[in-house]
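First residue of the sequence shown: 6, per my numbering; consecutive thereafter. Cβ atoms here follow ideal geometry from the backbone N, Cα and C, with glycine treated the same way.
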Amino acid sequence: MVSTFLGAHAVPEEYRNDPDSYVALVVNEMLPAVAGLDCRPRFCDVFCDIAAFSLRQTQRVLEAAQYCAFDLKLHVDEFEAPGTTSLGVALAATSVDHVVHTPPEEVRRLAASDSIAVALPATTFGLGQHYYTPARLFLDSNGILALATDCNPGTSPCESMPFVIALACRYLHVAPTQALVASTLNAAAALGMADQIGSLQPGWAADALRLAVSRPLGLPCPHRDQRWEDRC
């Protein structure tokens, strides 16, 4: 478990008409209080999108978080693209999540950086939308792609990584081998822990799952793998 402070996920109802005051509360009171905890989170995250926080507000929170020695994450471009992906690159965020409506030039800028793009296809699926992370362009630009469930009761009540892998292969046009790496080693990189977990190596921590499939295609499409069929 790697904890993240996400005080700036949504503007509370009582601040609906004055979101800047809520941002000031996050920056001046919440962040210093959380930074002083014995079990302080490693990351600070902000949701920058329509009906959430503006680019200016997001930058203010993230710069304050950097001052408090937090590593950074961002929710970006889930519904619109206000330029947050480029902000994440400029601030050297560990990862940026969603990256659905990100323009091609920002996709390439992200791919050229050390920040990880985390695709969350179960959220798009759960919302009944038709736009998914442009993973093919990102991978073709030599970017580092991770996959995750975004498990939450509102938009992605999904705990199944096999389902996420299947969505990535079908709708993000990711190869099964790429989806496997995105779900393991690259997911570890999105936590800043690619030197400790995410790969079967001596001395690394691991929860290993042995699957009765003979090839990577058996991960998203078990019915296409004969050995899987023989064991069912």
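Item                                                                                                                                                                               : Value
Roughly how far, in whole angstroms, is the beta-carbon of alanine 127 from the beta-carbon of valine 104, given that I think they are within contact range, below 8 Å?            : The pair is not a contact, with the Cβ atoms about 15 Å apart (cut-off 8 Å).
Express the C-alpha separation of arginine 175 and glutamine 231 in angstroms, rounding to a whole number.                                                                         : Interpretation of glutamine 231 is limited by its pLDDT of 45, a score under 50 that renders its predicted location unreliable; the figure taken from the coordinates is listed afterwards. Each residue's alpha carbon lies about 20 Å from the other.
DSSP three-state call for arginine 236: helix, strand or coil?                                                                                                                     : Low local confidence applies: a pLDDT of 39 at arginine 236 is under 50, so the model's placement there is unreliable, with the coordinate-based value given in what follows. Correct three-state label for arginine 236: helix.
For the segment 56-92, which segments carrying the beta strand (DSSP E) assignment without a break, of at least 3 residues, lie completely within its bounds, in sequence order?   : 76-81
Output yes or no for whether 8 Å exceeds the beta carbon distance between alanine 13 and valine 28.                                                                                : yes
With a cut-off of 8 Å, do at least 3 Cβ pairs link the segment 72-82 to the segment 15-28?                                                                                         : no
Give me, in chain order, the residues of the same chain whose beta-carbon lies closer than 6 Å to that of alanine 69; leave out the 5 immediate sequence neighbours on both sides. : Val32, Leu36
Going by DSSP, which residues form a beta bridge with valine 94?                                                                                                                   : Looking at the DSSP assignment, valine 94 forms no beta bridge with any residue, so it has no partner.
Report all residues from its chain with a CB closer than 6 Å to the CB of phenylalanine 10; omit the five preceding and five following residues, and keep chain order.             : Val39, Pro46, Cys49
Can you tell me the Cα-Cα spacing of valine 94 and proline 24, whole angstroms?                                                                                                    : 25 Å
So, using beta-carbon positions, are threonine 182 and valine 169 closer together than 8 Å?                                                                                        : no
What are the boundary residues of the beta strand (DSSP E) that includes cysteine 163?                                                                                             : Cysteine 163 -> no beta strand (DSSP E), and no H or E assigned at all.
Could you round the C-beta distance between alanine 193 and glycine 208 to whole angstroms and report it? I think they count as a contact, below 8 Å.                              : About 14 Å separates the two Cβ atoms, so there is no contact after all.
Can you name the residues that DSSP bridges to isoleucine 121?                                                                                                                     : Ser100
Where does arginine 220 sit, in a helix, a strand or coil, going by DSSP?                                                                                                          : coil
Using the Cα positions of histidine 106 and alanine 56, report the straight-line distance between them to the nearest angstrom.                                                    : 16 Å
Tell me the DSSP secondary structure of glycine 12 in three-state form.                                                                                                            : strand
What residue range does the alpha helix (DSSP H) around alanine 210 cover?                                                                                                         : Per DSSP, alanine 210 belongs to no alpha helix (DSSP H) and is neither H nor E.
Less than 8 Å between the beta carbons of glycine 197 and threonine 99, yes or no?                                                                                                 : yes
Would you call valine 7 buried or exposed, if buried means 16 or more other Cβ atoms sit within 10 Å of its Cβ?                                                                    : exposed
In the DSSP output, what is leucine 150 paired with across the bridge?                                                                                                             : Ala122
Going straight from the alpha carbon of aspartate 244 to that of alanine 124, what length do you get?                                                                              : Residue 244 falls outside the range modelled here, since the chain spans only 6 to 237, and no answer is possible.
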